[in-house]
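Note that the working numbering has the sequence shown beginning at 45, numbered continuously upward. Every residue gets a Cβ at the ideal spot worked out from N, C-alpha and C, and that includes glycine. For clarity, every value in this text was computed on a predicted model and none was experimentally measured. As C-alpha coordinates, the structure follows; a few thoughts come after it.
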Amino acid sequence: MLSRRLRSPAAWSETVDLFAILTAASLPWSTSLAGIFNALMLLCMVPFLDVRAFLQSLKRPICIAPIALVVLALVGTLWSDAAWGARFYAVNPTVKLLVLPVLLYHFERSSRGRWIFVAFLVSCGLLSVMSWLVAFYPNLALKTDPPERGIFVKNYIDQSQEFALCAVALAYPVVMLLRKKRYWLAGLLTALALSFFVNMAFVVVSRTALVTVPIMFGVFALLHLSWRSIAIISAALVAGAFLAWQASPQLRRTADTFASDYTRYVEKGEPTSAGLRLEFWRKSLGFFAEAPIKGHGTGSTRGLFERAATPGVQYQASAEVIGNPHNQTLNVAVQWGIIGIAILYAIWILHLRLFRGDSLASWVGLLVVVQNVFTSLLNSHLFDFHEGWMYVIGVGVAGGMVIRAQQAEAKMGEAGS
(Lines of atoms letter the chains of each structure in order from A and count residues from 1; the text may use other names and numbers.)
(Lines give C-alpha, C1' and ligand atoms only; values in the text may rest on other atoms or scores of the structure.)
Protein backbone atom coordinates (compact mmCIF):
# COMPACT_ATOMS: atom_id res chain seq x y z
CA MET A 1 0.00 0.00 0.00
CA LEU A 2 2.85 2.38 0.85
CA SER A 3 4.49 1.59 -2.49
CA ARG A 4 1.28 2.34 -4.37
CA ARG A 5 0.82 5.66 -2.53
CA LEU A 6 4.40 6.69 -3.28
CA ARG A 7 3.66 6.18 -6.99
CA SER A 8 0.28 7.95 -6.84
CA PRO A 9 0.09 11.65 -7.86
CA ALA A 10 -3.23 11.89 -5.98
CA ALA A 11 -1.57 10.71 -2.76
CA TRP A 12 1.21 13.26 -3.13
CA SER A 13 -1.39 15.97 -3.78
CA GLU A 14 -3.21 14.99 -0.57
CA THR A 15 0.08 15.23 1.31
CA VAL A 16 0.69 18.70 -0.08
CA ASP A 17 -2.78 19.72 1.08
CA LEU A 18 -2.08 18.30 4.53
CA PHE A 19 1.14 20.26 4.94
CA ALA A 20 -0.61 23.41 3.65
CA ILE A 21 -3.27 22.92 6.34
CA LEU A 22 -0.57 22.44 8.99
CA THR A 23 1.24 25.56 7.77
CA ALA A 24 -1.90 27.67 8.13
CA ALA A 25 -2.76 26.15 11.51
CA SER A 26 0.75 26.68 12.92
CA LEU A 27 1.25 30.24 11.63
CA PRO A 28 -0.51 31.97 14.60
CA TRP A 29 1.61 29.96 17.05
CA SER A 30 5.11 29.39 15.67
CA THR A 31 7.30 30.80 12.91
CA SER A 32 9.54 27.73 13.03
CA LEU A 33 6.72 25.22 12.60
CA ALA A 34 5.16 27.27 9.82
CA GLY A 35 8.50 27.34 8.01
CA ILE A 36 9.05 23.59 8.43
CA PHE A 37 5.56 22.63 7.22
CA ASN A 38 5.84 25.03 4.31
CA ALA A 39 9.18 23.51 3.26
CA LEU A 40 7.70 20.00 3.46
CA MET A 41 4.71 21.13 1.39
CA LEU A 42 6.99 22.43 -1.37
CA LEU A 43 9.12 19.28 -1.21
CA CYS A 44 6.10 17.01 -1.65
CA MET A 45 5.11 18.87 -4.82
CA VAL A 46 8.32 17.92 -6.61
CA PRO A 47 7.90 14.17 -7.39
CA PHE A 48 4.84 14.56 -9.62
CA LEU A 49 5.06 18.20 -10.67
CA ASP A 50 3.96 18.84 -14.25
CA VAL A 51 6.87 21.11 -15.09
CA ARG A 52 5.45 22.29 -18.41
CA ALA A 53 2.07 23.23 -16.91
CA PHE A 54 3.76 24.91 -13.94
CA LEU A 55 6.04 27.00 -16.15
CA GLN A 56 3.05 27.93 -18.27
CA SER A 57 1.21 29.14 -15.16
CA LEU A 58 4.12 31.42 -14.28
CA LYS A 59 3.41 33.50 -17.39
CA ARG A 60 0.27 34.95 -15.81
CA PRO A 61 0.62 38.55 -14.57
CA ILE A 62 -0.49 37.55 -11.06
CA CYS A 63 2.63 35.35 -10.90
CA ILE A 64 5.02 37.56 -12.87
CA ALA A 65 4.61 40.57 -10.54
CA PRO A 66 5.72 38.93 -7.26
CA ILE A 67 8.56 37.13 -9.06
CA ALA A 68 9.65 40.47 -10.55
CA LEU A 69 9.93 42.03 -7.08
CA VAL A 70 12.20 39.22 -5.91
CA VAL A 71 14.35 39.58 -9.04
CA LEU A 72 14.53 43.35 -8.47
CA ALA A 73 15.70 42.75 -4.89
CA LEU A 74 18.47 40.47 -6.17
CA VAL A 75 19.54 42.84 -8.94
CA GLY A 76 19.35 45.76 -6.50
CA THR A 77 22.27 44.29 -4.56
CA LEU A 78 24.53 45.38 -7.43
CA TRP A 79 24.20 49.14 -6.82
CA SER A 80 23.83 49.11 -3.03
CA ASP A 81 26.68 50.44 -0.88
CA ALA A 82 25.74 48.24 2.10
CA ALA A 83 27.83 45.28 3.17
CA TRP A 84 27.09 42.14 1.17
CA GLY A 85 25.70 40.44 4.24
CA ALA A 86 23.19 43.28 4.70
CA ARG A 87 22.28 43.16 1.00
CA PHE A 88 21.40 39.48 1.00
CA TYR A 89 19.68 39.78 4.37
CA ALA A 90 17.40 42.42 2.81
CA VAL A 91 16.59 40.07 -0.08
CA ASN A 92 15.27 37.44 2.35
CA PRO A 93 11.90 39.14 3.16
CA THR A 94 10.96 39.08 -0.53
CA VAL A 95 11.73 35.39 -1.13
CA LYS A 96 8.43 34.24 0.40
CA LEU A 97 6.67 35.81 -2.62
CA LEU A 98 8.07 32.98 -4.77
CA VAL A 99 5.77 30.56 -2.92
CA LEU A 100 2.70 32.48 -4.06
CA PRO A 101 2.78 31.23 -7.70
CA VAL A 102 3.30 27.68 -6.38
CA LEU A 103 0.19 27.91 -4.21
CA LEU A 104 -1.83 29.38 -7.07
CA TYR A 105 -0.78 26.49 -9.29
CA HIS A 106 -1.55 23.79 -6.72
CA PHE A 107 -4.89 25.04 -5.45
CA GLU A 108 -6.33 25.56 -8.89
CA ARG A 109 -5.96 21.76 -9.09
CA SER A 110 -6.88 20.86 -5.51
CA SER A 111 -10.42 20.81 -4.09
CA ARG A 112 -9.28 21.19 -0.47
CA GLY A 113 -8.48 24.90 -0.39
CA ARG A 114 -11.34 25.66 2.00
CA TRP A 115 -9.70 23.47 4.67
CA ILE A 116 -6.77 25.90 4.82
CA PHE A 117 -9.18 28.69 5.78
CA VAL A 118 -10.88 26.48 8.36
CA ALA A 119 -7.53 25.47 9.88
CA PHE A 120 -6.42 29.09 10.24
CA LEU A 121 -9.79 30.12 11.73
CA VAL A 122 -9.82 27.31 14.28
CA SER A 123 -6.20 27.97 15.21
CA CYS A 124 -6.93 31.67 15.78
CA GLY A 125 -9.99 30.74 17.85
CA LEU A 126 -7.83 28.59 20.13
CA LEU A 127 -5.27 31.40 20.34
CA SER A 128 -8.06 33.76 21.41
CA VAL A 129 -8.88 31.41 24.30
CA MET A 130 -5.22 31.34 25.34
CA SER A 131 -5.10 35.14 25.10
CA TRP A 132 -7.88 35.40 27.67
CA LEU A 133 -6.17 32.89 29.95
CA VAL A 134 -2.85 34.74 29.74
CA ALA A 135 -4.61 38.04 30.46
CA PHE A 136 -5.74 36.64 33.83
CA TYR A 137 -2.80 34.28 34.43
CA PRO A 138 0.33 35.93 32.95
CA ASN A 139 2.58 33.08 34.10
CA LEU A 140 1.05 30.87 31.38
CA ALA A 141 2.58 32.98 28.61
CA LEU A 142 5.40 31.52 26.54
CA LYS A 143 6.37 35.03 25.48
CA THR A 144 8.02 36.69 28.47
CA ASP A 145 10.65 38.95 26.87
CA PRO A 146 9.12 41.46 27.02
CA PRO A 147 5.81 40.33 28.56
CA GLU A 148 2.68 41.68 26.87
CA ARG A 149 -0.82 41.55 28.29
CA GLY A 150 -2.91 38.81 26.71
CA ILE A 151 -0.09 37.57 24.46
CA PHE A 152 0.69 33.86 24.67
CA VAL A 153 3.11 33.80 21.72
CA LYS A 154 4.26 36.26 19.02
CA ASN A 155 3.20 39.89 19.70
CA TYR A 156 0.09 42.04 19.89
CA ILE A 157 0.45 43.34 16.31
CA ASP A 158 0.49 39.85 14.76
CA GLN A 159 -2.32 38.67 17.02
CA SER A 160 -4.50 41.67 16.17
CA GLN A 161 -3.92 41.12 12.45
CA GLU A 162 -5.08 37.50 12.76
CA PHE A 163 -8.14 38.26 14.87
CA ALA A 164 -9.21 41.19 12.67
CA LEU A 165 -8.89 39.12 9.49
CA CYS A 166 -10.89 36.20 10.93
CA ALA A 167 -13.60 38.40 12.43
CA VAL A 168 -14.27 40.38 9.26
CA ALA A 169 -13.88 37.35 6.97
CA LEU A 170 -16.74 35.64 8.84
CA ALA A 171 -19.13 38.39 7.70
CA TYR A 172 -19.53 36.79 4.26
CA PRO A 173 -20.51 33.26 5.36
CA VAL A 174 -22.81 34.74 8.03
CA VAL A 175 -24.71 36.77 5.43
CA MET A 176 -24.90 33.81 3.05
CA LEU A 177 -26.22 31.55 5.82
CA LEU A 178 -28.84 34.10 6.84
CA ARG A 179 -30.07 34.30 3.25
CA LYS A 180 -30.46 30.52 3.29
CA LYS A 181 -32.25 30.76 6.69
CA ARG A 182 -29.62 28.61 8.42
CA TYR A 183 -29.86 30.68 11.58
CA TRP A 184 -28.13 28.36 14.06
CA LEU A 185 -24.91 28.12 12.09
CA ALA A 186 -25.03 31.84 11.27
CA GLY A 187 -25.41 32.56 14.99
CA LEU A 188 -22.46 30.33 15.85
CA LEU A 189 -20.17 32.09 13.36
CA THR A 190 -21.42 35.49 14.54
CA ALA A 191 -20.56 34.55 18.11
CA LEU A 192 -17.09 33.48 17.00
CA ALA A 193 -16.55 36.78 15.16
CA LEU A 194 -17.73 38.74 18.18
CA SER A 195 -15.34 36.78 20.40
CA PHE A 196 -12.42 38.09 18.34
CA PHE A 197 -13.69 41.68 18.64
CA VAL A 198 -14.29 41.34 22.38
CA ASN A 199 -10.73 40.10 22.81
CA MET A 200 -9.37 43.06 20.87
CA ALA A 201 -11.55 45.46 22.87
CA PHE A 202 -10.82 44.17 26.37
CA VAL A 203 -7.47 42.36 26.21
CA VAL A 204 -5.14 43.92 23.63
CA VAL A 205 -5.33 45.45 20.16
CA SER A 206 -2.88 47.17 17.86
CA ARG A 207 -3.56 50.68 16.58
CA THR A 208 -3.12 49.38 13.04
CA ALA A 209 -6.09 47.05 13.56
CA LEU A 210 -8.19 49.90 14.97
CA VAL A 211 -7.60 51.86 11.77
CA THR A 212 -8.06 49.02 9.27
CA VAL A 213 -11.05 47.08 10.66
CA PRO A 214 -13.58 49.82 9.72
CA ILE A 215 -12.09 49.93 6.21
CA MET A 216 -12.41 46.16 5.84
CA PHE A 217 -16.03 46.25 7.00
CA GLY A 218 -16.70 49.11 4.59
CA VAL A 219 -15.42 47.04 1.69
CA PHE A 220 -17.71 44.17 2.67
CA ALA A 221 -20.74 46.44 3.04
CA LEU A 222 -20.26 48.06 -0.37
CA LEU A 223 -19.86 44.69 -2.09
CA HIS A 224 -22.50 42.56 -0.41
CA LEU A 225 -25.13 44.67 1.37
CA SER A 226 -27.98 46.97 0.38
CA TRP A 227 -27.97 50.59 1.49
CA ARG A 228 -30.73 49.86 4.01
CA SER A 229 -28.71 47.02 5.50
CA ILE A 230 -25.59 49.19 5.56
CA ALA A 231 -27.46 51.89 7.52
CA ILE A 232 -28.84 49.40 10.07
CA ILE A 233 -25.54 47.56 10.55
CA SER A 234 -23.58 50.84 10.74
CA ALA A 235 -25.88 52.05 13.52
CA ALA A 236 -25.42 48.76 15.37
CA LEU A 237 -21.64 48.91 14.96
CA VAL A 238 -21.50 52.51 16.18
CA ALA A 239 -23.57 51.55 19.23
CA GLY A 240 -21.35 48.52 19.87
CA ALA A 241 -18.21 50.61 19.48
CA PHE A 242 -19.58 53.19 21.92
CA LEU A 243 -20.35 50.51 24.50
CA ALA A 244 -16.91 48.94 24.05
CA TRP A 245 -15.31 52.37 24.41
CA GLN A 246 -17.15 53.02 27.67
CA ALA A 247 -16.51 49.56 29.09
CA SER A 248 -12.89 49.02 28.07
CA PRO A 249 -10.11 51.14 29.62
CA GLN A 250 -7.62 49.17 27.50
CA LEU A 251 -9.31 50.32 24.29
CA ARG A 252 -9.37 53.94 25.42
CA ARG A 253 -5.70 53.85 26.39
CA THR A 254 -4.76 52.42 22.99
CA ALA A 255 -6.72 55.11 21.14
CA ASP A 256 -5.46 57.92 23.39
CA THR A 257 -1.85 57.09 22.53
CA PHE A 258 -2.43 58.42 18.99
CA ALA A 259 -2.74 62.02 20.20
CA SER A 260 -0.29 61.80 23.10
CA ASP A 261 2.45 60.20 20.97
CA TYR A 262 2.10 62.88 18.31
CA THR A 263 2.12 65.74 20.85
CA ARG A 264 5.21 64.47 22.66
CA TYR A 265 7.04 64.03 19.35
CA VAL A 266 6.18 67.49 18.02
CA GLU A 267 6.82 69.39 21.25
CA LYS A 268 9.80 67.49 22.68
CA GLY A 269 11.06 65.28 19.84
CA GLU A 270 10.51 62.17 21.96
CA PRO A 271 10.86 58.78 20.19
CA THR A 272 7.21 57.77 20.65
CA SER A 273 5.65 55.12 18.41
CA ALA A 274 3.79 57.63 16.25
CA GLY A 275 6.66 60.11 16.41
CA LEU A 276 9.20 57.58 15.21
CA ARG A 277 7.00 56.68 12.25
CA LEU A 278 6.71 60.33 11.24
CA GLU A 279 10.48 60.72 11.59
CA PHE A 280 11.16 57.58 9.54
CA TRP A 281 8.75 58.69 6.82
CA ARG A 282 10.21 62.20 6.62
CA LYS A 283 13.75 60.91 6.23
CA SER A 284 12.71 58.14 3.81
CA LEU A 285 11.07 60.66 1.51
CA GLY A 286 14.40 62.50 1.47
CA PHE A 287 16.30 59.29 0.65
CA PHE A 288 13.83 58.56 -2.16
CA ALA A 289 14.30 62.05 -3.59
CA GLU A 290 18.06 61.43 -3.78
CA ALA A 291 17.64 58.34 -6.01
CA PRO A 292 14.07 58.35 -7.36
CA ILE A 293 14.44 55.95 -10.31
CA LYS A 294 16.25 52.87 -9.05
CA GLY A 295 16.74 53.73 -5.38
CA HIS A 296 19.82 53.22 -3.23
CA GLY A 297 19.92 49.45 -3.64
CA THR A 298 18.95 46.41 -1.61
CA GLY A 299 19.85 46.65 2.08
CA SER A 300 20.82 50.31 1.94
CA THR A 301 18.15 51.61 4.32
CA ARG A 302 19.95 51.21 7.64
CA GLY A 303 23.13 52.85 6.35
CA LEU A 304 21.12 55.83 5.13
CA PHE A 305 19.47 56.24 8.53
CA GLU A 306 22.83 55.95 10.28
CA ARG A 307 24.23 58.81 8.20
CA ALA A 308 21.09 60.91 8.73
CA ALA A 309 20.90 60.38 12.52
CA THR A 310 21.41 63.50 14.63
CA PRO A 311 24.84 63.13 16.31
CA GLY A 312 25.27 63.58 20.05
CA VAL A 313 21.54 63.48 20.83
CA GLN A 314 20.03 60.85 23.09
CA TYR A 315 16.38 59.89 23.55
CA GLN A 316 15.30 61.85 20.49
CA ALA A 317 13.39 60.54 17.47
CA SER A 318 15.93 62.14 15.13
CA ALA A 319 18.70 59.93 16.57
CA GLU A 320 16.95 56.62 15.89
CA VAL A 321 18.44 54.23 13.31
CA ILE A 322 16.35 51.55 11.62
CA GLY A 323 16.37 49.33 8.56
CA ASN A 324 12.60 49.43 8.10
CA PRO A 325 10.76 52.78 7.69
CA HIS A 326 7.43 51.19 8.75
CA ASN A 327 5.71 51.91 5.47
CA GLN A 328 5.70 49.37 2.64
CA THR A 329 5.83 51.93 -0.16
CA LEU A 330 8.71 53.85 1.41
CA ASN A 331 10.55 50.63 2.24
CA VAL A 332 10.46 49.73 -1.45
CA ALA A 333 11.05 53.31 -2.68
CA VAL A 334 14.24 53.83 -0.69
CA GLN A 335 15.81 50.62 -2.00
CA TRP A 336 14.44 50.38 -5.56
CA GLY A 337 12.86 53.71 -6.39
CA ILE A 338 9.97 54.18 -8.80
CA ILE A 339 10.72 50.82 -10.41
CA GLY A 340 10.07 49.05 -7.13
CA ILE A 341 6.94 51.08 -6.38
CA ALA A 342 5.50 50.23 -9.81
CA ILE A 343 6.04 46.49 -9.21
CA LEU A 344 4.65 46.64 -5.65
CA TYR A 345 1.47 48.39 -6.76
CA ALA A 346 1.14 46.02 -9.72
CA ILE A 347 1.14 43.09 -7.25
CA TRP A 348 -1.67 44.62 -5.20
CA ILE A 349 -3.76 45.75 -8.20
CA LEU A 350 -3.46 42.43 -10.06
CA HIS A 351 -4.41 40.47 -6.97
CA LEU A 352 -7.35 42.77 -6.23
CA ARG A 353 -8.62 42.22 -9.77
CA LEU A 354 -8.32 38.46 -9.32
CA PHE A 355 -10.90 38.53 -6.52
CA ARG A 356 -13.75 40.39 -8.23
CA GLY A 357 -16.15 37.43 -8.04
CA ASP A 358 -18.86 36.60 -5.51
CA SER A 359 -17.67 33.56 -3.57
CA LEU A 360 -16.07 32.77 -0.23
CA ALA A 361 -12.64 32.38 -1.86
CA SER A 362 -13.01 35.73 -3.65
CA TRP A 363 -14.04 37.42 -0.41
CA VAL A 364 -11.18 35.95 1.65
CA GLY A 365 -8.61 36.77 -1.05
CA LEU A 366 -9.93 40.32 -1.45
CA LEU A 367 -9.89 40.86 2.30
CA VAL A 368 -6.31 39.61 2.62
CA VAL A 369 -5.15 42.06 -0.07
CA VAL A 370 -7.15 44.98 1.33
CA GLN A 371 -5.83 44.35 4.84
CA ASN A 372 -2.25 44.16 3.57
CA VAL A 373 -2.58 47.34 1.51
CA PHE A 374 -3.93 49.45 4.35
CA THR A 375 -1.82 48.02 7.18
CA SER A 376 1.20 48.59 4.95
CA LEU A 377 0.58 52.32 5.36
CA LEU A 378 1.83 51.95 8.94
CA ASN A 379 4.15 48.92 8.56
CA SER A 380 6.07 46.98 5.92
CA HIS A 381 3.69 44.06 6.21
CA LEU A 382 4.39 42.44 2.87
CA PHE A 383 8.01 41.96 3.99
CA ASP A 384 7.31 41.09 7.63
CA PHE A 385 7.39 37.36 8.33
CA HIS A 386 3.97 36.86 9.86
CA GLU A 387 1.86 39.28 7.84
CA GLY A 388 3.81 38.47 4.69
CA TRP A 389 2.98 34.77 5.03
CA MET A 390 -0.65 35.62 5.76
CA TYR A 391 -0.66 37.41 2.41
CA VAL A 392 1.13 34.65 0.50
CA ILE A 393 -1.03 31.83 1.90
CA GLY A 394 -4.27 33.79 1.71
CA VAL A 395 -3.81 35.04 -1.85
CA GLY A 396 -2.21 31.81 -3.06
CA VAL A 397 -4.93 29.49 -1.75
CA ALA A 398 -7.90 31.77 -2.46
CA GLY A 399 -6.50 32.70 -5.87
CA GLY A 400 -6.08 29.06 -6.84
CA MET A 401 -9.66 28.34 -5.77
CA VAL A 402 -10.97 31.28 -7.81
CA ILE A 403 -9.04 30.20 -10.91
CA ARG A 404 -10.31 26.64 -10.44
CA ALA A 405 -13.92 27.91 -10.29
CA GLN A 406 -13.39 30.09 -13.36
CA GLN A 407 -12.03 27.14 -15.33
CA ALA A 408 -14.99 24.99 -14.28
CA GLU A 409 -17.43 27.69 -15.43
CA ALA A 410 -15.61 28.00 -18.74
CA LYS A 411 -15.83 24.26 -19.32
CA MET A 412 -19.54 24.27 -18.51
CA GLY A 413 -20.03 27.13 -20.94
CA GLU A 414 -18.21 25.26 -23.70
CA ALA A 415 -20.25 22.13 -23.01
CA GLY A 416 -23.49 24.12 -23.11
CA SER A 417 -22.61 25.76 -26.40
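Measuring straight from C-alpha to C-alpha, what distance separates residue i and residue j?
i: L66; j: P72; result: 11 Å
i: L165; j: V212; result: 11 Å
i: E350; j: S70; result: 37 Å
i: V242; j: R448; result: 36 Å
i: N183; j: G319; result: 33 Å
i: A237; j: L398; result: 26 Å
i: A163; j: R96; result: 31 Å
i: G194; j: F180; result: 8 Å
i: A245; j: C210; result: 15 Å
i: L113; j: A386; result: 10 Å
i: L266; j: I259; result: 11 Å
i: L141; j: A352; result: 31 Å
i: Y227; j: A333; result: 56 Å
i: S74; j: C168; result: 12 Å
i: V115; j: L287; result: 49 Å
i: G384; j: V376; result: 6 Å
i: G457; j: Q451; result: 10 Å
i: I111; j: A280; result: 43 Å
i: V197; j: A208; result: 17 Å
i: L86; j: A275; result: 46 Å
i: L186; j: E453; result: 48 Å
i: P53; j: L254; result: 45 Å
For residue i versus residue j, is the C-beta distance shorter than 8 Å?
i: D407; j: Y216; result: Sequence check: residue 407 is Trp here, not Asp. The answer is yes: Cβ separation under 8 Å.
i: F427; j: T256; result: no
i: A68; j: I160; result: yes
i: S124; j: H340; result: yes
i: M89; j: V146; result: yes
i: F324; j: P369; result: yes
i: V218; j: L233; result: yes
i: G444; j: R131; result: no
i: L388; j: P105; result: no
i: A109; j: A390; result: yes
i: A126; j: G347; result: yes
Less than 8 Å between the CB atoms is what I'm expecting for residue i and residue j, so what's the real figure, rounded?
i: Q372; j: S328; result: That belief does not hold up - the Cβ atoms of Q372 and S328 are roughly 11 Å apart, past 8 Å.
i: W128; j: P91; result: Not confirmed; about 36 Å, so no contact.
i: T345; j: G367; result: 5 Å
i: S42; j: S250; result: Any question about residue 42 goes unanswered here, given that the chain covers just 45 to 461.
i: G401; j: P137; result: Rounded, the Cβ-Cβ distance is 30 Å, inconsistent with contact.
i: N463; j: E192; result: Past the boundaries of the shown model lies residue 463; the chain is included only from 45 to 461, so the question cannot be answered.
i: L422; j: R321; result: 7 Å
Please tell me whether residue i has its Cβ less than 8 Å away from any Cβ of chain D.
i: G194; result: Any reference to chain D falls outside this structure, which holds one protein chain only.
So, do the segment 379-397 and the segment 103-122 have three or more beta carbon pairs nearer to each other than 8 Å? Because the criterion of three Cβ pairs below 8 Å is met, the segment 379-397 and the segment 103-122 touch.
Stretch pair the segment 402-416 + the segment 437-455: three plus CB contacts closer than 8 Å: yes
Does the segment 148-158 touch the segment 167-176, meaning 3 or more C-beta pairs lie closer than 8 Å? no
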